[in-house]
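All residue numbers for the sequence shown refer to my numbering, where the first residue is 61 and numbers rise by one.
Each residue gets a CB set at the ideal place from its N, CA and C atoms; glycine is no exception.
These notes concern the structure reproduced below.
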Amino acid sequence: MKQKIGAEFRKYKILGACNPQLAHQVLSADLEVGAMLPCNVVVYEGDDGKAVVLAIDPTQAIAAANPAVRPVAEIVKERLGRVLSQLD
């Protein structure tokens, strides 16, 4: 924020998590779902100074746009959840 608009803001990063094979499956089913890829993960400094990590729920975002891609969204949700559960 500081570099772009000169605003002071807490430490905050938006990351894009992408698995090319799963993205290919989703895009093969629906090209418009590409607007929602990659899956966002945010890391920011909480009020207590500790890192907070959150990830999008692809079953709510991507699968909501097209139920045909729900099986792939479930796989992505499980993988993101597994990573997040390893964080302390």
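Start-to-end residues for the alpha helix (DSSP H) that takes in residue i
i       : result
Val-82  : Looking at the sequence shown, residue 82 is not Val but Leu. From DSSP, the alpha helix (DSSP H) with Leu-82 extends over 80–89.
Val-143 : 130–145
Lys-62  : 62–65
Buried or exposed by the 16-neighbour rule on C-beta atoms within 10 Å, applied to residue i
i       : result
Ile-74  : exposed
Ala-67  : exposed
Cys-78  : exposed
Ile-122 : buried
Pro-118 : buried
Lys-137 : buried
Inter-residue spacing [alpha-carbon to alpha-carbon] between residue i and residue j
i       : j       : result
Glu-92  : Lys-71  : 32 Å
Val-132 : Val-103 : 24 Å
Glu-134 : Asp-107 : 32 Å
Val-86  : Val-143 : 21 Å
Gln-81  : Asp-148 : 29 Å
Arg-139 : Ser-145 : 10 Å
Gly-94  : Lys-110 : 33 Å
Met-61  : Gln-120 : 28 Å
Arg-130 : Gly-76  : 19 Å
Val-101 : Val-113 : 7 Å
Anticipated Cβ contact below 8 Å, residue i with residue j, distance rounded
i      : j       : result
Leu-97 : Ala-115 : Not really, about 14 Å apart at Cβ, beyond 8 Å.
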